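Asker: Protein chains in written order, with the numbering used here: chain A, 1 to 609; chain B, 1 to 276; chain C, 1 to 379.
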Amino acid sequence: MPLPRLQSVRVLAFVVWAAVVGCRRGAEGDDSTFPREQTVYVGGFQWAQPSSFNPLASTPDWPVNPLTAQNLFYETLLVFNTLTGEMQPLLAESFKVGRESVEVVLQPSARFSDGTRVTAHDVKYTFDLGKRHKSLRVATVWPFLDEVQIFDEMQGSEGGERVVFVLNQKRRNALVVLDSLQETHILPEHVVEPLLAAAGGDINQFTKLKFDDRPVGTGPYTLHSYGAEKIATVRRDDYWGNEVFFGGKRAAPKYVVHPLYKSNDHYSVALQQGRLDASSSFIPRIWLKQKKGVRSWYDKVPFFAPSAMPVLWVNVSHAPLNDVHMRRAMAFSIQYDDIRELAVSGYSEPVKPGLILPFGFEGKYYSEQDARQYGATFYDPKRAQAELVSGGYTAIWSEAGELLETRDRSGQRVPTVYVKSPAGWTDWESAVRIAVRSMRAAGIDARERFVDASLYYPAGFTGDFDLLMGTPSSPPTPSKPWSRFDTVLSTQDFAPPGDKMYKNLGRFNNPKAAGYVRRFDELLDQIPTLTEPAELAAAYRELNVLFMQQQPVLPLVYRPDQFYEFSSRVWRGFPTAAHPFLPPQIPSARMGTRILWHLTLASASARVE
Amino acid sequence: MFRGLWRSVGFLFGCALFFGTLLLALLAPAFMTLDVGRRVGLAYMPPSREHWLGTDHLGLDMLSLLVLGLRSSLYVGLLAGSVATVVGTLIGVYGGYKGGLLDDVLTVLTNLFLVIPTLIVLILLSGSLEEGRSLTLIALLIGSTTWTWSARAVRAQSSSLRARDHVALARINGYGTLHIVLLHILPYLLSYIFMVFILQTASGILTEASISMLGLGPYDSISLGTILNEAIRNEALGDGAWWAFVPATVLVTVIAFSLYIINTAMESVFNPRLRK
Amino acid sequence: MLQNHPTLKHVFGRAGWYFITFLVAITINFFLPRLGDSSPVDLIMARAGSNLDAATAREQEETYLLEFGLVQTDPSGKILRDSAGKPLRTSLLAQFGRYLELSLRGDLGTSILQYPRRVGDIISAALPWTLALQLPTIVLGWIVGNLLGALAAYRGGVIDRVLYPIALLTSAVPAFCVGILLVYVFGIQLEWLPAVGGYDEGMLPEASWSFIASASYYYVLPFTSIFVIVVGHQAIGMRSMCIYELGTDYVKYAKLLGMNERRIVLYMFRNAMLPQLTGLALALGAMVGGALVAEMIFSYPGLGMAILTAIQGNDYPLITGCTLLITATVLVANFAVDILIGLLDPRIRSGRPSAGPTGGDTSQPGAATGADAPLMAVR
């Protein structure tokens, strides 16, 4: 058979030739659409091929997604500085929180990419969309608003236009409104309304539009191209903010590109090889990567600035978890140091009792004394045993020292407590394994149960779990720590297991059941209305003590809401704890976009080795 | 005939390899303490005198994990291999002997399973199983999707035996189908079926490793596949922790390799046409 | 009429069986993923609904259920409800009917997870990468493997003693382990070759030399990881088949007649190739699904990951769309080989047509592979 042999030789020769040529060309990196010295590569926000850049879609892709607070295409009125806990200007020049309203003054020079001015009408339109269409994300602020008013334009003559957000009289809560101001992308009415009208006013039809052809936004970058391998954005040289914030300077890189890799470890490899400049993916053992130029906020433990609190949700609607002794025993039994060192690679301050972060802008509400007195989030086997004894529990061990079962006061076997967590989320999986190991060592019959993500979420909403891994209200926003408490404790729309609840997954503090603690709800209502710092601190302190006494969820560890890793191989000028001119955020999210104006090339002829 | 087997270097070598791993899995607990319930150090500590194969990402002793994983993988392989062989043999022998419409139906069934890629079926099935993808369940799933090949192979054998004199004689004597299949056909196929079993076991072990690697492995046990999966997802590659994935790779390969060698050696003994 | 055209009759007969197999297969493909009772809408709601109040969340959920045809409606398009006000779910059978109807019109539906992308668009965007990676690798591996196998069988001696164990060993390594080791050694430790992606991040797919060069460079590791294994498998099968053919009566007879060695080899090669062709068809058919491992390890673009994420997220329309494609390719590949073998080997055409696809298989006594054909070759 001479024919196939000849062909195979030819094909083989071609492949070898192509590979050799490819090697040479690959190393040169010429002829690129995105030259390395004009491009910043960011990663960790997205894994799958993009499907929609529609700012009103439920989960649009990078860099439009409001859940990860991306600001490249569309911008918000304000941005939240997680370092200082302050709101800073973006499309709004300034803002004022009053008893009855939140008032915002717009930047007079803010422009959409089609050249039209950003007016108070656009702002009102954007927020009013949420009144018309309940499924939009911006609708969530409306229970707390009466209306959005455009302030008399004559009176605002000395500066920009004014917009007033009038708070709802019954549920006065400026915190939720502030959250919304730093999250809601302002949209051009003159673009959106005609499209919405063309869709017959049906928002579900409208959200099928992809907005991938020259989208009109206010942001410094716009869509260049996208596909299964990357999403590319290109700088808008006429960005209005250049004058206002940066003295007329443009952002340094012409392109910001998000390559789409399929797993976290690929972002890690790319970062180590200098092919990625910044990433918000979870990269374990980052100290091993420092020699390859990978850096984070701190150069030493804990490496990152934690802002979120992964917990085990506790379903208190059945035994044994309806027993506070059991919940506190669990809290005392967990080896938090192991979770911190191994599951999250040490990227956390040691966890402390309560639902308030003991540092950062929440730290002022935290009381060390209360934590010592009431808290159970310490690893303390003796106190775990004491709680189990007071709850009447006994552990039955095998000859070999393995836990067989836990029995209650009446000698009945306590059903095994399963910890549900999504399969494949590595840091959570590890945390769950350690927590289960700890609880079993204390004589509590717990087991891990990893389920597919498609089963994990419904299990949470319908209360189909014993313990469930989760991070309540993760993003750092102005409403913290109130919104974390609210997500854990809210009894609004209380539903029995089987029906869906999107907050308070553990069904804690049923208002209709005996033993309802009204004080929780009172404090949750009260805190957003308080403006006096001393009153606020006292209220938080009381709420946190109540939380510690009842232990409705089990905090495990702290971690950043978005990781912040960067490589200085190609671009220099990323903020760090030593040079904290901006918070640790990736240059497409929140205030991180401003990093783009501070970047300089590491060398005149930047090359990836 | 069996004497030929013991003279075959390949057969002895393969057996030595396979039973070596089997002994390691069964006897290791007698010589060492297998402890995977307790961290013994930091993440990915390199091999040391205390921990011959270092630690995994949770600081657990890698050697203990590996021995436990080996036990699970052998269990999955043998169980899946048995199921695939038994189901395949029954369908193959019966269809091959009976012929006619029944044979056609069975062949369509076989080919149907053959045409739908096993891996996809496995992923679909294990994705829709709500809770407890246990090790045994995974083994049964593998077995019940890979039997097609055994059925095809055995069917060919069986239908060739059909025309043999002793079978025809039995038929003339009025023996029932079951009797003939059990006493006059199966015995002639035993060595062949055993070879089928060996190959099915090897493919069972490899398949388990593959689906565990995709993150669809057992939730309740450690297998060689889950060890590999954990190592990859927890950046053993990036951190240079070769001890987290090379030993497991070697073990899977050695088992499959030894089974292949045994099979080859047996074939060249039992199937004279393959002797050079 | 067909009686006079045995070849045509053979083709039609086969086509009929394939069609039946196809119908059964797509039925299985449709129902298998839907066995569990979880709803894909829950996943969308998890991302979108966590801040909505209960009434709006319910309303929004019903909008999605309606969109994906998961609830029953009256003729005016309003959702039918039970006495408690909960929407009535569409029965699986009704969903299946709707699916068949739409599929016949070429409409594979809308992806749930990647809403509002069309399933057809997702598949056509990913398919070229899968084909580009798998097709040349499998065909080339098949050719090289068969040549090596034949070489080992004919030459024997040292070549066989070296090649054969190596081939056995490579086929004993799990597919993804080859990829992992390659990435570890060449991608991460030595940094000779890129470990991640399909081409340079700085490029967009275009018809330029620099793009082709970059794509080839990134192609090396994924290619090698699959190639090695295909070669191993094929070489083993071919070697066994050739040894088997060497022992057949016709070869002995031909040698006795003093026939030209080259011609004997040619005949043997042809006969030994027949089962190998079936193997090629199966491999080509399975390539869409088999791409998964390489795509995962190298973040290579393609269909495999689309399927996996679809399955993990219960994205029913995408799952069914992908499995439809897979089933179709497997069947078409088998059908083609079936016909081809029928043409090459007249014994099959004239013999009793065996039921079902993949003819020329071991089910044909006296056909290319007899009852005593080597196990490793028919596997």
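Heads up, the beta-carbon is just placed ideally off N, CA and C, and yes, glycines get one too. Bear in mind the structure is a predicted one, so any value in this text is a computation, not a measurement.
Determine the DSSP secondary structure at residue 259(C), reduced to helix, strand or coil.
Answerer: coil
Asker: Could you tell me the boundaries of the beta strand (DSSP E) in which residue 557(A) lies?
Answerer: Residue 557(A) -> no beta strand (DSSP E), and no H or E assigned at all.
Asker: Any residues in the stretch 38 to 55 of chain B with a beta carbon nearer than 9 Å to a beta carbon of chain A? Which ones, in chain order?
Answerer: From the stretch 38 to 55 of chain B, only 38, 39, 42, 43, 44 have a Cβ closer than 9 Å to chain A.
Asker: Excluding sequence positions up to five away, which residues of its chain have a Cβ less than 6 Å from the Cβ of residue 601(A)?
Answerer: 37
Asker: List the whole-angstrom C-beta distance separating residue 190(A) from residue 116(A), where the pair is believed to meet the contact cut-off of C-beta under 8 Å.
Answerer: 7 Å
Asker: Does the beta carbon of residue 424(A) come closer than 9 Å to any beta carbon on chain C?
Answerer: yes
Asker: Within a Cβ cutoff of 8 Å, which residues of the same chain sit near residue 494(A), ignoring the five residues on either side of it in sequence?
Answerer: Hits under 8 Å: 501, 504, 507, 510, 511, 512.
Asker: Nearest to residue 175(A) by alpha carbon, out of 273(A), 480(A), 474(A), 497(A)?
Answerer: 480(A)
Asker: What does residue 260(B) reach in chain C if we use C-beta pairs closer than 9 Å?
Answerer: 168, 169, 171, 172, 236, 376
Asker: Using beta carbons (cut-off 9 Å, strictly below), is residue 225(B) in contact with chain A?
Answerer: No, residue 225(B) does not count as interfacial toward chain A.
Asker: Strictly below 8 Å CB to CB, what residues from chain C border residue 249(B)?
Answerer: Those are 173, 174, 177, 180, 181, listed as they occur along chain C.
Asker: So, with DSSP's three-state summary, where would you put residue 399(A)?
Answerer: coil
Asker: Does residue 121(B) come within less than 9 Å of chain C when only Cβ atoms are used?
Answerer: With 9 Å as the cut-off, residue 121(B) counts as an interface residue toward chain C.
Asker: Using the Cα positions of residue 89(A) and residue 212(A), report the straight-line distance between them to the nearest angstrom.
Answerer: 28 Å
Asker: Tell me which same chain residues have a C-beta within less than 6 Å of the C-beta of residue 156(A), skipping the five on either side of it?
Answerer: With a pLDDT of 48 at residue 156(A), under the threshold of 50, the modelled position of this residue cannot be trusted, and the question is left open.
Asker: Determine the contact status of residue 138(C) and residue 273(C), defining contact as a CB-CB distance below 9 Å.
Answerer: Taking 9 Å as the Cβ cut-off, residue 138(C) and residue 273(C) do not qualify as a contacting pair.
Asker: Name the chain B residues that come within less than 8 Å of residue 318(C), Cβ to Cβ?
Answerer: Result: empty, since nearest Cβ-Cβ is about 13 Å, beyond 8 Å.
Asker: Should residue 531(A) be labelled buried (16 or more other beta-carbon atoms within 10 Å of its own) or exposed?
Answerer: exposed
Asker: Looking at C-alpha atoms only, which residue of 8(B), 108(B), 52(B) is the closest neighbour of residue 148(B)?
Answerer: 108(B)
Asker: Using only alpha-carbon positions, find the residue among 238(C), 283(C), 310(C) that is nearest to residue 327(C).
Answerer: 283(C)
Asker: Taking a contact to mean a Cβ-Cβ separation below 9 Å, would you say residue 227(C) touches residue 325(C) in this structure?
Answerer: In this structure, residue 325(C) does not lie closer than 9 Å to residue 227(C) by Cβ.
Asker: From residue 297(B) to residue 138(B), what does the alpha carbon distance come to, in whole angstroms?
Answerer: Since the first residue of chain B shown is 1 and the last is 276, residue 297(B) is not available in this structure.
Asker: May I have the straight-line CA-CA distance separating residue 215(A) from residue 223(A), to the nearest angstrom?
Answerer: 7 Å
Asker: Mapping DSSP to helix, strand and coil, what is residue 499(A)?
Answerer: Strand, per DSSP.
Asker: Does any CB atom of chain C fall closer than 9 Å to the CB of residue 9(B)?
Answerer: no
Asker: What residue range does the beta strand (DSSP E) around residue 146(A) cover?
Answerer: 145 to 150
Asker: Please name the residue in 223(C), 95(C), 256(C) whose C-alpha comes closest to that of residue 183(C).
Answerer: Comparing C-alpha distances from residue 183(C) to each of 223(C), 95(C), 256(C) shows the shortest one belongs to 223(C).
Asker: For residue 239(B), go through chain A and note every residue whose CB falls closer than 7 Å to its CB, in chain order.
Answerer: 285, 288
Asker: Could you confirm whether any beta carbon from chain A is found closer than 9 Å to the beta carbon of residue 249(C)?
Answerer: no
Asker: In this structure, how does DSSP classify residue 380(A) when only helix, strand and coil are distinguished?
Answerer: coil
Asker: What residues from the stretch 168 to 186 of chain B come within 9 Å of chain C, judged by C-beta to C-beta, listed N to C?
Answerer: none
Asker: So which residues of chain B does residue 21(C) contact, with C-beta pairs closer than 7 Å?
Answerer: 108, 111, 112, 115
Asker: Determine, for residue 192(C), whether the minimum Cβ-Cβ distance to residues of chain B falls below 9 Å.
Answerer: no
Asker: Residues of chain B with CB closer than 9 Å to the CB of residue 272(A), please, in chain order.
Answerer: 238
Asker: Under the three-state reduction of DSSP, which class applies to residue 454(A): helix, strand or coil?
Answerer: helix
Asker: If the cut is a Cβ gap below 9 Å, which residues of chain C does residue 144(B) touch?
Answerer: The premise fails here: residue 144(B) is roughly 13 Å from chain C at the closest Cβ pair, so nothing lies under 9 Å.
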